[in-house]
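Sequence order for the protein chains is A and B.
No gaps in the numbering here: position 23 of the first sequence is 1191 in my numbering, and each next residue is one more.
No gaps in the numbering here: position 13 of the second sequence is 146 in my numbering, and each next residue is one more.
Read the structure below first, then the notes.
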Amino acid sequence: MSHTVLVCDDAIFMRTMISDILAQAGFEIVGEAETGSQAVEKYRQLKPDLVTMDIVMPDMGGIDAVREIVKQDPDAKILMCSAMGQQALVVEAIQAGAKDFVVKPFQPSRVLEAVQRVLG
Amino acid sequence: MDLSQYAELFLAESREHLSACNQLLLDWERTPANPAPVGGLFRAVHTVKGMAATMGYGRVTDIAHRTENLLDLLRRGSRPATDELLQLLFRARDALETAVELSVVGREDELDVAEVVADLESAAALVAPHPLAPSPRSGEGERGGEVPPAAPGGGRLVEVTLRAEAPIKGGRALLALKRAQGLGVVHGVTPPQAALESDDFDGRFSFRLDSPVPAADIERAVRGAGDVEHVSVGGEERRGAAPRAPAPAGAPVEATPEKSRHIRVDLRRLDELMDLIGELVTVRGRLNELAAARRDPAVDDVAIQISRLSADLQAGIIQARMTPVWQVFDRFPRLVRDLARELDKQVAFRVEGKEIELDRAILDELGDPLLHLLRNAVDHGIETPAERRRRGKPPEGEIVLAAVRERASVAISVSDDGRGIDRARILERAQREGLVDPHAEALSDDQLLRVLARPGFSTADAVTSVSGRGVGIDVAVTRIRALGGSIDIRTEAGKGTSFVLRLPVTLAIVRALIAGVGRERYALPLTYVAETVEFGVQPTTLVEGREAIVLHDRVVPLVHLRRMLGVSGDAPRRCPIIVLEMGERRSGIVVDGMLGQQEIVVKGFDPPQGTLPVFSGATIMGDGIPALILDAGGLV
């Protein structure tokens, strides 16, 4: 059975792209969230195998969402999506419980590598 | 991966964010001490940056990155806005917009961003508290999985080198350390963990790991962090350590579920659907006519069902095309502000009825006419602060752009509290140019508009860069007429001017009265039909040389369509009058007969030269024969 993924990003553009990359690699996109609080809620509803999480989002950012999700499920597998120059935020996200990160601009191969590391 | 498929999405979403930036900047300008808009600005620019980087648009990414840096510093410093800073941010936003538009069409190289980039840099340097800004959360404590400080002692020495090209090496190193922690106790991290998070960190680090697991497992774990070039695991094994226990699960989190069920649809698809529905409506008309001729109940039944279904379908498509006016209005606050600055005027700009909806096709056409009217209001309407004070007005003028839903139309008004239009001067000019009766003593609002709407007629004393080239109102009037709408003007010296645009809610399919004149049929959209009365029943009078009837105590001038169109032969003795109403103006159209009401599909047409300016389009009737659509605006 294919792994299920929840894609969290406030930009439709990014959600579409990440979803396309993962769907083409055989993952099942079970949900999308535009804000941190949506991500937390949808994680609870959908219990996905993997979450991709943008850092900067309105109404609860990605890092706080990681904290909340990890509080619910310490084994949550969350892959952060960061931009160049967000070192401090990435470090904070990892300390909050994110399992790995990819840096925009995304290359599909790197996204898939990171996903494999997180799920493996 | 082919990125071009994402270009449209990139463009649409970037435009949204940049439009939001304008609004946020204006908000901040209004209350400079309140830094609340900065967070939103930061997020918007950040999102654009991420998308642009993914698309490989270097210039957009560059400007966005520097703007974001500056905003980040402002955000953390909670600084009030200065005028200089706001100007720079407006400029940066505009540069971003240009860069976005050019990038999408592959002309990114034409853009020179050096100046704005340099200004952003120097502004950031001024705002930055220290050469190295602190990370946003450091010092707030509670760093979840912080690696414990180095304890003296043994364990194996693990040396790691990250790939040179790996981005955010500090994050990668932290992941490696966390993975190592899963195998035992980590200490002696070199360089110290704080240095790993510095931008100067070169990707080489080492630590000691107290763990019983074989070296190969340690290496595999560390490599699992990704971007690892090289790992070496030394000897010296001492004591085992249990993997750290996971953190206890917390209480469930409260969050309200939000279900957004929107998708984006290319406008062209909606247009295609609209065209198809249009054809369906035409065929439906034919079917109804055939069914009526057959008098077969079974056929009637099917015809009625098809009518109902296609009507529902049509209503659904029209609804899908409805777009709130803010999508066009949202760019005006910035525009009015910039104009007012340029002209040294003080203007408070208010927008009302943003949520009112119009067909997308109409809305798209509204931008330019409104732009002209707003420019006129700022340039000619609102006086300078000094002049306003002299006249006992507050120095700040007011312009209101408002949308209101009326029966089957939407009224959009642009009102200012400025000096009003100088009727005497316009009258003088109009008389000099022979546009009005040389003996007329005053211009009514209607006449005033007619004069102003003449191409090339301008009363501006000087042509400014803003308006006064005589291409304001005539452009607006022509455009609005073409949409089947109307413009009214009301102006009072010293008090202000108000333009009201009335537009049909939808363009493509309208309900119309079908009138017969001679052997032709004509369609009159119901949007502006107030009522119908019978000619010959009402007594007619002459008002200002025009035949008119008095209806509900108001004079309604008559237009004999038969005469106007030059149809030969005699009119029937009793004919209907269709009373059209546009705003305050009314007119009675005398036709030969009324053939009923039906939905018509409006097709634009280019009238041949010499055609009377009373047709706004054409339609195909149920029997396949075309009919012209009468333009209420041209008849009233």
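Even for Gly, the Cβ is constructed at its ideal location relative to N, Cα and C.
Contacts that residue i makes with chain A (C-beta to C-beta distance below 8 Å)
i	result
B:E330	Q1255, A1256 and V1259
B:H363	Simply none; closest approach about 18 Å.
B:H179	V1224 and A1251
B:R176	D1178, V1224, M1225 and P1226
B:E146	A1179, I1180 and F1181
Residue i Cβ short of 7 Å to the ligand ATP heavy atom set
i	result
B:I495	Although the ligand ATP was asked about, the structure shown includes no ligands whatsoever.
Chain-ordered chain B contacts of residue i [CB-CB under 8 Å]
i	result
A:S1250	I301 and G304
A:M1185	Y139 and T187
A:E1281	G359
A:V1271	P300 and I301
A:I1262	G278, G304, L307, L308 and K311
Distance between residue j and residue i (C-alpha atoms, nearest Å)
i	j	result
B:R208	B:D216	17 Å
B:R652	B:S443	30 Å
B:R770	A:A1261	No answer is possible for residue 770 of chain B: the residues shown for chain B start at 134 and end at 769.
B:F143	B:V662	44 Å
B:D492	B:A145	19 Å
B:L308	B:D404	51 Å
B:L222	B:V193	15 Å
B:P281	B:L316	Summary for B:P281: the model assigns pLDDT 42, below 50, so the residue's position carries little reliability; its value from the coordinates is reported in the next sentence. One C-alpha to the other measures close to 15 Å.
A:V1283	A:D1241	18 Å
B:V480	B:R552	14 Å
B:H150	B:G173	10 Å
B:D242	B:A225	17 Å
B:H198	B:W459	29 Å
A:D1276	A:Q1255	Residue identity check: residue 1276 of chain A is Pro in the sequence provided, not Asp. Straight-line Cα distance between these residues: approximately 21 Å.
B:S619	B:V238	37 Å
A:S1250	A:A1179	13 Å
B:D578	B:R538	23 Å
B:G603	B:L504	Bear in mind that a pLDDT of 43 at B:G603, under 50, signals an unreliable position, so the model cannot answer this.
B:P213	B:P165	5 Å
B:T323	B:V291	10 Å
A:D1268	B:G359	9 Å
B:F334	A:P1273	21 Å
B:V533	B:V484	6 Å
B:A257	B:Q220	14 Å
B:V414	B:L646	16 Å
B:R417	B:G669	36 Å
Whole-angstrom C-beta distance between residue j and residue i, which should lie under 8 Å
i	j	result
A:L1280	A:A1193	5 Å
B:L582	B:I559	Actually they do not touch by this definition, with Cβ atoms about 10 Å apart.
B:P457	B:L159	Their Cβ separation, rounded to whole angstroms, is 19 Å, which puts B:P457 and B:L159 out of contact at 8 Å.
A:A1207	A:L1174	7 Å
B:E667	B:I710	7 Å
B:D549	B:G617	Going by Cβ atoms, the distance from B:D549 to B:G617 rounds to 26 Å, so no, they are not a contact pair.
A:G1204	A:A1233	4 Å
B:L691	B:E680	5 Å
Start and end residues, beta strand (DSSP E) containing residue i
i	result
B:Q479	Note, B:Q479: premise wrong, no beta strand (DSSP E); not H, not E.
B:P690	R687 to H693
B:A328	Run containing B:A328: none in the beta strand (DSSP E); it sits in the alpha helix (DSSP H), Q326 to L329.
B:V318	V318 to T323
B:S255	Here B:S255 belongs to no beta strand (DSSP E); instead the alpha helix (DSSP H) covers A247 to V260.
B:L491	E490 to D492
B:R341	R337 to D343
B:V346	Looking at the DSSP string, B:V346 is not in any beta strand (DSSP E), and its letter there is neither H nor E.
B:A297	Taken as a continuous stretch (DSSP letters only), B:A297 belongs to no beta strand (DSSP E), as it is neither H nor E.
B:R635	G629 to P637
B:E667	V662 to E667
Where residue i meets chain A, residues with beta-carbon distance less than 7 Å
i	result
B:F143	F1181
B:M184	A1179, F1181 and M1182
Terminal residues of the alpha helix (DSSP H) in which residue i lies
i	result
B:R427	L400 to R427
B:F223	D216 to V237
B:E141	A140 to R163
A:S1277	P1276 to L1287
A:F1181	I1180 to Q1192
Proximal residues of chain B, C-beta to C-beta of residue i below 7 Å
i	result
A:D1268	L308 and G359
A:F1274	T187
What are the complete alpha helix (DSSP H) segments, minimum 4 residues, inside the region 451-476 of chain B?
Every alpha helix (DSSP H) of 4 residues or more that sits fully in the region 451-476 of chain B is shown, in chain order, as 459-462 and 465-475.
Please give the ranges of any beta strand (DSSP E) in the region 509-597 of chain B, keeping only runs that are unbroken, at least 3 residues long and fully inside the region.
List check, beta strand (DSSP E) in window: 530-538 and 542-549.
For the region 1207-1254 of chain A, which segments carrying the beta strand (DSSP E) assignment without a break, of at least 3 residues, lie completely within its bounds, in sequence order?
Listed in chain order, they are 1218-1222 and 1246-1250.
Restricting to runs no shorter than 4 residues, where is the alpha helix (DSSP H) found entirely within the region 693-739 of chain B?
Runs of the alpha helix (DSSP H) spanning 4 or more residues and lying entirely within the region 693-739 of chain B occur at 694-697, in chain order.
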